[in-house]
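Undergrad:
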Amino acid sequence: MEAVGLSEVGDVVLNTLMAQMDAESSNKDKMRSIKYDPVMNPENPSTTTCLSGWTSSFTERLFGTRAEKSRVTFEEDVVVLDDAMSQEQSLGSRTNFCSALLEELKESKLLDKLKPAKTTGERQSDALMDLLAKQGIVDSMQEPSLYQQSSVTNKSNIRGDNSIFVSREYRQGPNQHEFQTRHPLLHALIATISATIQQQVESHNQKPESTNATFCLDWNKTSVQVATYPGDGTSGYPRHCDRGQDSCKFEKSKNVQQETSASPSQRLLTAIYYLVEDDWDADLDGGALRVFHDGDEDGDFTDIVPRQNRLVVFRSDCVEHQVLPSLRRSRTAITIWFYGTVKIESKMDSIATNGPFIDLPPPLPILSSDVACRVSTIFVSMASYRDSETRPTLDAMFATANHPNRIYCGIVMQLKDGESYDEGIWHQVESFPRPQQIRYLRLHARDAMGPCYARGLAQTLWRGEDYVLQIDAHMRFRPNWDVYLIQQCQKMIEQIRSDKVMLTTYPLGYTLPNNIPKNETRGTYLVPWKFDDQGMLRQCGRVVKRNDKSFLPHKHYLYAGGFNFAPSRVIRDVPYDTMGLPHLFFGEELSMAIRLFTHGYELYAPMETVCYHLWSRGHRPTTSPTQDTPVQLQQRSTSQKRVMQQLLGESSVVGVPMGLGNDGTAAAFAERLKVDFANKILLQGCENGELKDADFALGATTASPLYQESVEAKIAALDSKAKALVASFLSGISY
Numbered sequence: 001m002e003a004v005g006l007s008e009v010g011d012v013v014l015n016t017l018m019a020q021m022d023a024e025s026s027n028k029d030k031m032r033s034i035k036y037d038p039v040m041n042p043e044n045p046s047t048t049t050c051l052s053g054w055t056s057s058f059t060e061r062l063f064g065t066r067a068e069k070s071r072v073t074f075e076e077d078v079v080v081l082d083d084a085m086s087q088e089q090s091l092g093s094r095t096n097f098c099s100a101l102l103e104e105l106k107e108s109k110l111l112d113k114l115k116p117a118k119t120t121g122e123r124q125s126d127a128l129m130d131l132l133a134k135q136g137i138v139d140s141m142q143e144p145s146l147y148q149q150s151s152v153t154n155k156s157n158i159r160g161d162n163s164i165f166v167s168r169e170y171r172q173g174p175n176q177h178e179f180q181t182r183h184p185l186l187h188a189l190i191a192t193i194s195a196t197i198q199q200q201v202e203s204h205n206q207k208p209e210s211t212n213a214t215f216c217l218d219w220n221k222t223s224v225q226v227a228t229y230p231g232d233g234t235s236g237y238p239r240h241c242d243r244g245q246d247s248c249k250f251e252k253s254k255n256v257q258q259e260t261s262a263s264p265s266q267r268l269l270t271a272i273y274y275l276v277e278d279d280w281d282a283d284l285d286g287g288a289l290r291v292f293h294d295g296d297e298d299g300d301f302t303d304i305v306p307r308q309n310r311l312v313v314f315r316s317d318c319v320e321h322q323v324l325p326s327l328r329r330s331r332t333a334i335t336i337w338f339y340g341t342v343k344i345e346s347k348m349d350s351i352a353t354n355g356p357f358i359d360l361p362p363p364l365p366i367l368s369s370d371v372a373c374r375v376s377t378i379f380v381s382m383a384s385y386r387d388s389e390t391r392p393t394l395d396a397m398f399a400t401a402n403h404p405n406r407i408y409c410g411i412v413m414q415l416k417d418g419e420s421y422d423e424g425i426w427h428q429v430e431s432f433p434r435p436q437q438i439r440y441l442r443l444h445a446r447d448a449m450g451p452c453y454a455r456g457l458a459q460t461l462w463r464g465e466d467y468v469l470q471i472d473a474h475m476r477f478r479p480n481w482d483v484y485l486i487q488q489c490q491k492m493i494e495q496i497r498s499d500k501v502m503l504t505t506y507p508l509g510y511t512l513p514n515n516i517p518k519n520e521t522r523g524t525y526l527v528p529w530k531f532d533d534q535g536m537l538r539q540c541g542r543v544v545k546r547n548d549k550s551f552l553p554h555k556h557y558l559y560a561g562g563f564n565f566a567p568s569r570v571i572r573d574v575p576y577d578t579m580g581l582p583h584l585f586f587g588e589e590l591s592m593a594i595r596l597f598t599h600g601y602e603l604y605a606p607m608e609t610v611c612y613h614l615w616s617r618g619h620r621p622t623t624s625p626t627q628d629t630p631v632q633l634q635q636r637s638t639s640q641k642r643v644m645q646q647l648l649g650e651s652s653v654v655g656v657p658m659g660l661g662n663d664g665t666a667a668a669f670a671e672r673l674k675v676d677f678a679n680k681i682l683l684q685g686c687e688n689g690e691l692k693d694a695d696f697a698l699g700a701t702t703a704s705p706l707y708q709e710s711v712e713a714k715i716a717a718l719d720s721k722a723k724a725l726v727a728s729f730l731s732g733i734s735y
C-alpha cells in the first residue's frame with residue numbers, strides 16, 4: 001500500500017470515525033427506554049432532603065455572579081461545604097456516612113471495576129488510531145510509534161486515576177430499583193446533591209432582579225463518576241476545564257454569553273464529594289484540588305484539601321483546576337456533573353425599578369485582568385436626599401460591574417418619616433438583593449445639613465475596602481466600570497510613584513427612565529466657569545476629543561463631588577468636613593479641590609465616560625434657599641466664608657483638621673487653575689486647564705471671553721422658567 005500521511009487521510013477518515021461513534025451512541029440511546037423531562041429530576045424524589053449546610057451565599061456564587069463578569073476568583077466561583085452529608089442519612093448501625101459509603105462501594109465490588117481513566121481527547125485519539133490501523137494506514141507510515149503511544153497498555157495517560165461512570169441507564173432506567181437497593185448510600189448522595197442543585201436553580205431563576213442569566217438543567221445528562229488516585233506521588237490530573245479546552249477562556253464572547261435556551265446542554269456544574277480517611281493530612285497525603293483564579297498561565301490559585309465528607313462545587317464552564325498527586329495513600333472521590341444551558345438576557349432589560357435599561361453604551365476598555373482587579377474591593381459612598389433614583393442607581397452599578405461581589409455601598413438616606421413616597425424609596429433600598437453588601441444610615445429629611453454633612457456620614461460606613469468611589473444617588477454606569485477605574489488609578493500611581501491620585505470629573509447626563517447617550521462615551525474635563533453672585537467660583541465639564549494614542553487620564557485641578565474614585569486612604573487623609581460646612585452647596589467641590597491639592601493629591605479626568613448623571617432634579621423634592629430658616633442661612637454664609645479662607649490660604653485654616661495640608665499652597669493652586677480668587681477674575685487660559693483648544697470636542701476659544709459669549713453665559717441671563725427647560729441638557733456640561 002502506498003504510504004499515506006495523516007494530512008491526506010483528512011475528512012474521509014474523521015467522518016468515518018465520527019459516523020461509527022455516532023452509531024454506537026445511537027444504539028446506546030435506544031437501549032434506554034425511559035426519557036425524562038429535562039426540567040424534572042428523576043434522581044430527586046419528593047422525599048429527598050437538601051444539603052443542610054447550603055446557604056444563599058453559595059447560590060449567589062454559582063449562579064448570581066458568573067454571568068455578570070469575566071474573571072474567576074476562588075471566593076466568587078467555588079463552593080466548599082464541609083460535613084456535607086448528615087449522619088442521619090447513614091443506614092443501619094453505620095453512623096459515619098462517608099465511611100459507610102466507602103464500605104458500600106467496596107462490598108458491591110464497584111471499586112474493583114475501576115479502569116485507567118482517559119480524557120475525551122485521548123479516547124477520540126485512540127479510536128482514530130485504531131481505525132487507521134485497521135485500514136493499514138498506520139503500518140505504512142514512517143512513524144509507527146505514533147500508534148504504539150496511543151495504545152491502552154503502553155501509553156501514559158494524561159489522567160492518573162482509575163475510574164468508572166455509573167451509567168444513567170443503571171441509575172434511572174427500568175432497573176433503577178436494583179441500583180437503589182445495592183447502592184442506597186450512593187443513591188442518597190446523588191439524590192441529595194441533585195435536590196439541592198435543583199432547588200437552588202429554581203430559587204435563582206425566580207429572582208430576576210439578582211442576575212441576567214436563567215439556568216436550565218437537563219436531567220437526562222447528569223453523569224456520575226467514581227475515581228481513585230493511587231498514592232504513588234505522581235498520578236494526578238493536569239490543569240484543565242471540565243467542559244473542554246476552550247470553555248475556560250474568559251472572553252465573554254466565548255463563554256456563557258453565547259448560550260441560548262436552544263443551545264445543546266453542556267457540563268454546567270461540577271460537584272466533587274471526597275471519600276477519604278478522617279485523618280487525611282494536607283502535607284503528608286497531598287491530593288489537593290488546585291483551583292486557578294484566572295486564565296493566565298501564571299495566575300494565582302487556591303488548593304482545596306480533600307477532607308472526609310467535604311463537597312466542592314464549581315462551574316464546569318469557567319473554573320480551571322488541577323488534581324495534585326496523592327502521596328502515601330489512595331484518594332477516592334465521587335464526581336457528579338450537571339448539564340444544562342445558560343440563557344443570557346440583556347442586563348439592562350429587567351434590573352431598573354423605574355423602567356427597562358435600553359441601548360447601553362459599549363463596555364469600558366480594560367486591559368487583561370490582573371490580581372489587583374480581581375481581589376481589590378471598592379467602597380461606594382452615596383448620599384441620597386429623598387431620591388427615587390437611589391435603587392435604580394444600585395441596580396445599574398452592580399449589574400455593570402465586572403466583579404460585583406467586591407463592591408460594598410454605604411448610603412445616607414435622608415427621608416421624611418411616614419410619607420408614602422419616602423417609605424417607598426426606603427423599602428426599595430432595604431430590599432436590595434445583596435443585603436450583605438449594603439450599609440446605610442437613615443436620617444429625617446428635616447435634619448439634612450447639605451452634601452458635606454451627608455457625604456461625611458457616608459464615609460463613616462467605610463470598612464477598610466481598598467478603593468472608594470463617591471457618587472450621587474442618580475447615576476448609570478458603563479460595563480466594566482470597576483476594573484477600568486482600578487486600572488486607570490494603578491496606571492497613574494505607577495506614573496507619578498505615589499498613591500495620592502484621584503479620578504474625578506462631571507459625568508455626561510442621562511434622562512429618565514434610562515435614556516443613556518450610547519454613542520457619546522468621551523470623557524469630560526473640569527475647568528473654571530464663572531464667579532456667582534456670592535463670589536463663589538463655578539466650574540463646568542468640557543467634552544474631550546478621543547486620543548487613540550493614549551488612554552491615560554488628563555490632569556486637572558478641580559473636583560466633582562458626584563463622581564470621584566481614589567485609593568481609600570483619601571478618607572483618612574482628606575475626609576469630608578462633616579460639621580464645619582453646614583448647608584454648603586456651591587463651594588463643597590472647591591473646598592475639597594484645594595484641600596486635596598494641599599495634601600499632595602493629583603486629580604485626573606478619565607478619557608472615557610465611566611458613568612452618567614441625572615442633571616435634572618425634577619424627579620425628586622429638593623431643598624431651596626428660599627425655604628431656609630435664618631439659622632440655616634447664617635450657617636451657609638459661615639461655610640462660604642470658610643471656603644474663601646481656604647482659597648486665599650489664610651493661616652487659620654492651614655495645618656488644622658479639615659483644613660489645608662502642607663504639601664501645597666493655596667497660591668500654587670490658584671496659579672495652576674489660572675484664577676485670581678482675591679479679585680474674582682478668570683485669567684488667560686483657564687478655560688483649557690492643562691489642555692489645548694484642539695483637545696476639546698467643540699468650541700475653540702482662547703480666554704475668558706468664553707464665559708461672556710458662551711452658551712452657558714447666555715443661559716445664565718435667562719429667567720428661571722427658561723433655565724428649567726434647558727437645565728437637564730447644559731447643567732454641568734459644556735462643549
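Letter by letter, the sequence shown follows residues 1 to 735 of full-length UniProt numbering. The beta carbon of each residue, even a glycine, is placed where N, CA and C say it ideally should be.
#1: Output the residue ranges of the alpha helix (DSSP H) runs that lie fully inside the segment 562–593 and measure 4 residues or longer, sorted by chain position.
#2: Rounded to whole angstroms, how far is the Cβ of TYR559 from the Cβ of LEU603, which I believe are closer than 8 Å?
#3: Three or more beta-carbon pairs under 8 Å between the segment 557–573 and the segment 598–612, yes or no?
#4: Cβ of GLY535 within 8 Å of Cβ of LYS680?
#5: Kindly indicate which residue of SER108, PHE597, GLU103 and ASP422 has the alpha-carbon position closest to the one of SER384.
#6: Over the uninterrupted alpha helix (DSSP H) stretch that includes GLU494, give me the two end residues.
#7: Distance, Cα to Cα, PRO306 vs TYR273?
#8: Give the range of the alpha helix (DSSP H) segment to which MET607 is assigned.
#9: DSSP three-state label for PHE97, please.
#10: By Cβ distance below 8 Å, which residues in the same chain neighbour LEU102 in space, the five residues on each side in sequence not counted?
#11: Would DSSP call ARG522 helix, strand or coil?
#12: Just list the residues that DSSP pairs ASP676 with in beta bridges.
#13: Using the Cα positions of GLU520 and PHE551, report the straight-line distance between them to the nearest angstrom.
#14: Indicate the three-state DSSP secondary structure (helix, strand or coil) for TRP462 in the structure shown.
#15: Locate the beta strand (DSSP E) running through LYS555, then write down its first and last residues.
#16: Please classify ALA670 as buried or exposed, where buried requires at least 16 neighbouring CB atoms within 10 angstroms.
#17: Since ILE438 sits in a beta bridge, which residues does DSSP pair it with?
#18: Going by C-alpha to C-alpha distance, which of ILE336, ILE197, PRO392 and SER651 sits closest to MET475?
#19: Leaving out the 5 sequence neighbours to the left and right, which residues in its chain are closer than 6 Å to VAL78 when beta-carbon positions are compared?
#20: Just how far apart, CA to CA, sit LEU648 and VAL527?
#21: Roughly how many angstroms separate the alpha carbons of GLY286 and LEU485, rounded to a whole number?
#22: DSSP three-state call for LEU537: helix, strand or coil?
#23: According to DSSP, which residues form a beta bridge with ALA227?
#24: Considering only the alpha carbon of each residue, which of ALA401, LEU364, LEU289 and HIS599 lies closest to SER498?
#25: To the nearest angstrom, how far is it from the Cα of SER346 to the Cα of LEU62?
#26: Check whether the segment 277–285 and the segment 318–331 touch, using three or more Cβ-Cβ pairs below 8 Å as the test.
#27: Under a three-way DSSP split, which group does ALA703 fall into?
#28: So ILE378 and GLU465 are supposed to be a Cβ contact under 8 Å. How far apart are they, rounded?
#29: Closest to PHE301 by C-alpha separation, out of ASN405, VAL375, TYR229 and ALA84, would be which residue?
#30: Taking just the CA atoms, how far does ILE304 sit from CYS241?
#31: So the beta strand (DSSP E) ARG476 belongs to, where does it begin and stop?
#32: Within the same chain, show all residues whose beta-carbon is closer than 6 Å to that of ASP532, passing over the 5 residues directly before and after it, in chain order.
#33: Could you pull the start and end residues of the beta strand (DSSP E) that TYR385 belongs to?
#34: Per DSSP, what kind of secondary structure is ARG446 in: helix, strand or coil?
#35: Does DSSP classify ALA667 as helix, strand or coil?
#36: May I ask you to list the residues that DSSP assigns as paired with ILE304?
TA: Taking the coordinates as given:
#1: 569–573
#2: 6 Å
#3: yes
#4: yes
#5: ASP422
#6: 481–496
#7: 9 Å
#8: Where MET607 is concerned, there is no enclosing alpha helix (DSSP H), given that its DSSP letter is neither H nor E.
#9: helix
#10: LEU275 and THR332
#11: strand
#12: ILE681
#13: 16 Å
#14: coil
#15: 554–556
#16: buried
#17: CYS409
#18: PRO392
#19: VAL291 and PHE314
#20: 19 Å
#21: 40 Å
#22: strand
#23: SER163 and ALA333
#24: HIS599
#25: Bear in mind that the predicted position of SER346 carries a pLDDT of just 42, short of 50, making it unreliable; the figure below should be weighed with that in mind. In a straight line, the C-alpha of SER346 is about 19 Å away from that of LEU62.
#26: yes
#27: The pLDDT assigned to ALA703 is 32, lower than 50, so where the model puts this residue is not dependable, and the model offers no usable value.
#28: 6 Å
#29: VAL375
#30: 16 Å
#31: 475–477
#32: ARG538
#33: 378–385
#34: helix
#35: helix
#36: LEU289
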